[in-house]
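Trainee: Mind having a look at this structure? Questions to follow.
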Amino acid sequence: MSSLSGSEPRIRVEDVSVTYRTSLESAPTFKSTVLRLGRREKVVREVEALKGVSFEVPEGQVLGVVGANGAGKSTLMRTVAGILPPNSGRVEVHGRVSTLLALGVGFNRKMTGRQNVVLGGLAAGLTRDQLADKYEEIVAFAELEEFMDLPMRTYSSGMYGRLGFSVAVNMDPDILLIDEALSVGDARFRRKSTNKMKELCGQARTIVLVSHALGTVRDLCDQAIWLDHGELRMWDEPDAVIDAYTDFLEVGQDAVTLEDV
Amino acid sequence: MPPREENEFTSERHVYEPHKIGLPPLRPYVRELWRRREFAREMARTNLRAQHFNTAFGQVWLVLNPLLLACVYFLLVYILRGAGSRGTDFFAHLLAGLFAYYFISDSIRLSVKSVTGGGRLILNTAFPRALLPLAGVITAFMRFLPTLVIYIPVHIVAKLPVDQHLLWLIPLILLMFVMAAGAGMLVSALQVYFRDVKNFLPYFLRVWLYASPVLYYADEVPEGLHWILYVNPLGGLLTAWSDVLIQGASPEPWAIGMAAAWAFGIFIAGGLFFVSREREFAVRL
C-alpha cells in the first residue's frame, strides 16, 4: 500500500460493458438439446447489464452506488470483484478485495459455520495462519460462538446474515465491496455493523457500497454514482446524486426512501 | 489502525479484461491455484467428514465395499470361465485393478457436481474454479489410499513378488492422478452446460470397467479386439498396473506409453476446456 501514491486510484473502471447470455431453461440438459434439434427455439437471452461505465475510486474513498432494481449494480460489483469478466473495457483493482454480495455469502447450508468460514477464507486466498488469527474475531463479532459447529441450515436468516457481514469486514481487506447487506440482524447488530462500517471508513479503506437506504449512502459515502439501465447517469457528491435520483424516481425524499425499514 | 501484516497479496494488482471464451493468462492462474491449494485439501476433508470417513465404521465400509465387489466379480468370472484357471494371483489382480479403477471413477463421480453444486461460492468469490473438481479428485485419492493397505495382505498371501519393480507404482499412481484431474475438470465443466451428464455417467463408467483389463488379464484379450486396450484411456495404465503388481515386472513400453499419453492428453484437454469456460460459470448457474 505504501507503494501506491494517493493519486493512483484503487479501483479504475474504464468503459466497461458486460453482456451475458442466460439460458431460459432452468437446467439445460443434453436431452433437451437433442429434442430441440431442428426446431428454431430461442433458449438463450442476451442481457446487456452494463454499457460503457467508467469511474474511479481513490484510496480511502467510500463510493455509494444507487439505482433502480435491475440497473446493473450487482453486475458492476461482480465485475469489480473479478467474478464476471467484462466484454469490453478494463477493470483495474489494486489491493485485496473482500466481498459481501447480494445473493447471500458463499455459504453452503449443509456445512457448519466453522467449515464455511474456513473454506470461504481459503478460497479468498488467506493462509491458514491468517485465518486462525481472524477466526475468533469473526465469530465474536457475529456473536455466534455456540453455533459455529452446527450446520448452517439450522441458522436463522439473521444469524446467516450476521456471519456473512462479519466474515466480509474482518478479512482486513484493502477494498470492501458491499451489496445491500447492511440491514442484517436485529437493531442492536445493525447499530454495531454501522459503527464497524464507520470505523472501516475511518481507516482509509476503499469501500464500494450498494444500498437502497439512501440515508446510509448520504451518511457514509464521499462520492456516489447512479446507474440506470446499465448506464452511468451521474457521478458526483452523494447529496447531488441522491437528489437527482429521487427526483427521477419521483418518489420525493421522505423517511421511507432515506432509511430502509 | 491495527497493525497489518504485509505479504505478497495485500498490494496485489488485478486487471480484468475481456476474455470470455478465451484462456485467462495461464501463469498467474496456476500461481493463484497453487496458493489456494489448502482450499482443495480442506474441501476434500470436509467432503470426507460428510461421508463419515472419520468414524471407524465409515472407514471399514469404504474398504469393505470394493472388497465385497471383488468377491462378487471373482465369483462371476469363476463361474463363467470354470474352475482351475483362476488362482489367488487372479484375485490379487482383480482387487488391485478394481481399487485403481474406483479411484478414477470416484474422482469423476465426486467432481461432476462440484461446479454446479458450488454455486454460492462461485457467485460470490473470485478464485480459480479448477479447485472445485480438484477437491473431488483429492477426496477420491484419500479414499484410495486405505484400499492400497487392504491390498497388501492379499499380495502376500498370493505369494506375489516384492522387489524393486514395485517402484513403478509411484509413477503409475501419479499418472492416475493426472488422468483423474483431467477427467474431473472435463465432466464438471460439461455438467454446467448439460445437467444430465451425471445421469449418463453410471452407464459410461460401467462400460469403461468392462473395457478395462480388470476382470481379465490384458494378454487374454483376443487378437482382433486388441484395439480396445489402445482406445480405452485406462487400457495401457491398468495393463502396466497389473504387470508391475502381479507379474513383478517392468511394464511393457506400449502400456506405459499409452498410459502417459492418455493421462496427459485428458489432463490438457480437460484443463483447457475447464479453464477457458470457467469465467462463464457465474452466469450459467
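So the protein sequences, as listed, match chains A and B. Positions 359 to 619 (our numbering) are the ones given, in order, by the first sequence. Positions 488 to 772 (our numbering) are the ones given, in order, by the second sequence. For each residue, glycine too, the CB sits at the ideal point set by N, CA and C.
If we define contact as Cβ-Cβ less than 8 Å, is His-652 of chain B a contact residue for chain A?
Mentor: In the second sequence, the residue the question calls residue 652 of chain B occupies position 165. No, no contact with chain A.
Trainee: In chain order, what residues of the same chain lie with their CB nearer than 6 Å to the CB of Leu-482 of chain B, ignoring the 5 residues before and after it?
Mentor: The structure shown does not extend to residue 482 of chain B, since chain B spans only 488 to 772, so no value can be given for it.
Trainee: Expressed to the nearest angstrom, what Euclidean distance is found between the alpha-carbon atoms of Ala-773 of chain B and Leu-677 of chain B?
Mentor: Residue 773 of chain B falls outside the range modelled here, since chain B spans only 488 to 772, and no answer is possible.
Trainee: According to DSSP, simplified to helix, strand and coil, what is Lys-409 of chain A?
Mentor: The residue labelled residue 409 of chain A in the question sits at position 51 within the first sequence. Three-state DSSP puts Lys-409 of chain A in a strand.
Trainee: Assign Leu-563 of chain B to one of three DSSP states: helix, strand, or coil.
Mentor: Locating residue 563 of chain B in the second sequence gives position 76, where the first residue counts as 1. Of the three classes helix, strand and coil, the one that applies to Leu-563 of chain B here is helix, per DSSP.
Trainee: Measuring straight from C-alpha to C-alpha, what distance separates Glu-417 of chain A and Pro-515 of chain B?
Mentor: Here residue 417 of chain A is taken as the residue at index 59 of the first sequence, counted from 1. Here residue 515 of chain B is taken as the residue at index 28 of the second sequence, counted from 1. Each residue's alpha carbon lies about 25 Å from the other.
Trainee: Could you give the C-beta distance for Met-517 of chain A and Phe-505 of chain A, rounded to a whole number, given that I count them as a contact under 8 Å?
Mentor: The sequence position of residue 517 of chain A within the first sequence is 159, counting from 1. The sequence position of residue 505 of chain A within the first sequence is 147, counting from 1. Contact flag correct, Cβ pair sits at about 7 Å.
Trainee: With H, G and I counted as helix, E and B as strand and the rest as coil, what does DSSP make of Pro-531 of chain A?
Mentor: Residue 531 of chain A sits at position 173 when you count from the first residue of the first sequence. Correct three-state label for Pro-531 of chain A: coil.
Trainee: Please state whether the Cβ-Cβ distance between Leu-521 of chain A and Gly-471 of chain A is less than 8 Å.
Mentor: Along the first sequence, one-based indexing puts residue 521 of chain A at 163. Along the first sequence, one-based indexing puts residue 471 of chain A at 113. The answer is yes: Cβ separation under 8 Å.
Trainee: Taking only the alpha-carbon atoms, compute the straight-line gap between Val-550 of chain B and Pro-633 of chain B and give it to the nearest angstrom.
Mentor: As a position in the second sequence, residue 550 of chain B is number 63, starting the count at 1. As a position in the second sequence, residue 633 of chain B is number 146, starting the count at 1. Going from the Cα of Val-550 of chain B to the Cα of Pro-633 of chain B covers about 7 Å.
Trainee: Determine the DSSP secondary structure at His-652 of chain B, reduced to helix, strand or coil.
Mentor: Counting from one through the second sequence, the residue named residue 652 of chain B turns up at place 165. His-652 of chain B falls in the helix class under three-state DSSP.
Trainee: So if DSSP puts Ile-536 of chain A in a beta bridge, which residue, or which two residues, is it bridged to?
Mentor: Locating residue 536 of chain A in the first sequence gives position 178, counting from the first residue. BP columns for Ile-536 of chain A point to A:Leu-458 and A:Leu-567.
Trainee: Nearest-angstrom Cα distance between Asn-719 of chain B and Ser-729 of chain B?
Mentor: Taking the first residue of the second sequence as position 1, residue 719 of chain B is located at position 232. Taking the first residue of the second sequence as position 1, residue 729 of chain B is located at position 242. One C-alpha to the other measures close to 16 Å.
Trainee: Report the rounded CA-to-CA distance for Val-564 of chain B versus Phe-691 of chain B, giving the unit in angstroms.
Mentor: On the second sequence, position 77 is the one that residue 564 of chain B refers to. On the second sequence, position 204 is the one that residue 691 of chain B refers to. The straight-line gap from Cα to Cα measures roughly 21 Å.
Trainee: Note down, in chain order, every chain B residue with its Cβ under 8 Å from the Cβ of Thr-512 of chain A.
Mentor: For the purposes of this step, residue 512 of chain A is identified with residue 154 of the first sequence, where counting begins at 1. Result: empty, since nearest Cβ-Cβ is about 15 Å, beyond 8 Å.
Trainee: For the alpha helix (DSSP H) that contains Thr-604 of chain A, what are its first and last residues?
Mentor: Taking the first sequence and counting its residues from 1, the one referred to as residue 604 of chain A is at position 246. Element bounds for Thr-604 of chain A: 596–607.
Trainee: Do we get a CB-CB distance below 8 Å when we pair Ser-363 of chain A with the residues of chain B?
Mentor: Numbered from its first residue, the first sequence carries residue 363 of chain A at position 5. Low per-residue confidence applies at Ser-363 of chain A: pLDDT is 47, beneath 50, and the placement is therefore not dependable, though the value from the model is reported in the following sentence. False, the Cβ-Cβ gap to chain B never drops below 8 Å.
Trainee: Taking a cut of 9 Å between CB atoms, which residues from the stretch 427–443 of chain A lie near chain B?
Mentor: Going along the stretch 427–443 of chain A in chain order, one finds Arg-436, Thr-437, Val-438, Ala-439, Gly-440, Ile-441, Leu-442 and Pro-443 with a Cβ nearer than 9 Å to chain B.
Trainee: Establish whether the CB of Pro-416 of chain A and some CB of chain B are separated by less than 8 Å.
Mentor: Taking the first residue of the first sequence as position 1, residue 416 of chain A is located at position 58. So, not an interface residue.
Trainee: For Asp-532 of chain A, which residues in the same chain have their Cβ closer than 8 Å to its Cβ, ignoring the five residues on either side in sequence?
Mentor: In the first sequence, residue 532 of chain A corresponds to position 174, counting from 1. For Asp-532 of chain A, where only same-chain residues beyond five positions count, the Cβ hits under 8 Å are Met-359, Arg-368, His-452, Gly-453, Arg-454, Val-455, Arg-563 and Thr-564.
Trainee: Do the stretch 590–603 of chain A and the stretch 419–437 of chain A make contact, defined as three or more Cβ pairs closer than 8 Å?
Mentor: Touching, yes, given that three or more Cβ pairs across the two stretches are closer than 8 Å.
Trainee: Helix, strand or coil: which one does DSSP assign to Glu-492 of chain B?
Mentor: Your numbering for residue 492 of chain B matches position 5 in the second sequence. For Glu-492 of chain B, the predicted structure reports a pLDDT of 38, less than 50, and the residue's modelled location is therefore unreliable. The matter cannot be settled from this model.
Trainee: Going by alpha carbons, who is nearest to Arg-524 of chain B out of B:Ile-625, B:Ala-579, B:Gly-584 and B:Leu-535?
Mentor: The sequence position of residue 524 of chain B within the second sequence is 37, counting from 1. It is B:Ile-625 whose Cα lies nearest to the Cα of Arg-524 of chain B.
Trainee: Just tell me which of A:Ser-375, A:Leu-395, A:Tyr-513 and A:Asn-474 has its CA closest to the CA of Leu-434 of chain A.
Mentor: The residue given as residue 434 of chain A occupies position 76 in the first sequence. Looking at the Cα atoms, A:Ser-375 is the closest of the given residues.
Trainee: Within a Cβ cutoff of 8 Å, which residues of the same chain sit near Glu-357 of chain A, ignoring the five residues on either side of it in sequence?
Mentor: Only positions 359 to 619 of chain A appear in the structure, and residue 357 of chain A is not among them; the question remains open.
Trainee: Compare the C-alpha of Pro-455 of chain B against each of B:Ile-733, B:Leu-724 and B:Ile-753 and name the closest.
Mentor: Residue coverage of chain B in this structure runs from 488 to 772, which leaves residue 455 of chain B outside it and unanswerable.
Trainee: Please compile the residues from chain B whose C-beta is within a distance smaller than 7 Å of the C-beta of Lys-389 of chain A.
Mentor: Along the first sequence, one-based indexing puts residue 389 of chain A at 31. By Cβ distance, chain B contributes Asp-683.
Trainee: List the residues that DSSP assigns as beta-bridge partners of Trp-593 of chain A.
Mentor: Here residue 593 of chain A refers to the residue found at position 235 when the first sequence is read from its first residue. Trp-593 of chain A is bridged to A:Ile-583.
Trainee: Do three or more CB pairs link the stretch 635–645 of chain B to the stretch 530–549 of chain B at distances below 8 Å?
Mentor: No, the stretch 635–645 of chain B does not touch the stretch 530–549 of chain B.
Trainee: So, is Leu-567 of chain A buried or exposed, given that buried needs 16 or more other C-beta atoms within 10 angstroms?
Mentor: As a position in the first sequence, residue 567 of chain A is number 209, starting the count at 1. When all chains shown are included, Leu-567 of chain A counts as buried.
Trainee: So which of A:Thr-485, A:Thr-377, A:Leu-535 and A:Val-415 has the shortest CA-CA distance to Leu-458 of chain A?
Mentor: Here residue 458 of chain A corresponds to residue number 100 of the first sequence, with the count starting at 1. Minimum Cα distance to Leu-458 of chain A is reached at A:Leu-535.
Trainee: Taking buried to mean at least 16 other C-beta atoms within 10 Å of its own C-beta, is Val-649 of chain B buried or exposed?
Mentor: On the second sequence, residue 649 of chain B is found 162 positions in, with the first residue counted as 1. So Val-649 of chain B ends up on the exposed side.
Trainee: Look at Thr-612 of chain B and Gly-478 of chain A and say whether their C-beta atoms are less than 8 Å apart.
Mentor: Looking up residue 612 of chain B in the second sequence gives position 125. Looking up residue 478 of chain A in the first sequence gives position 120. In this structure, Gly-478 of chain A lies closer than 8 Å to Thr-612 of chain B by Cβ.
Trainee: Taking the alpha-carbon positions, what's the Val-420 of chain A to Asp-544 of chain A distance?
Mentor: Counted from its first residue, the first sequence places residue 420 of chain A at position 62. Counted from its first residue, the first sequence places residue 544 of chain A at position 186. One C-alpha to the other measures close to 25 Å.
Trainee: Which of the residues in the stretch 516–527 of chain B, read from start to end, lie with their CB under 8 Å from any CB of chain A?
Mentor: Correct list: Glu-519, Arg-522, Arg-523, Glu-525 and Phe-526.
Trainee: Going by DSSP in three states, Ser-737 of chain B sits in which element: helix, strand or coil?
Mentor: On the second sequence, residue 737 of chain B is found 250 positions in, with the first residue counted as 1. Ser-737 of chain B falls in the coil class under three-state DSSP.
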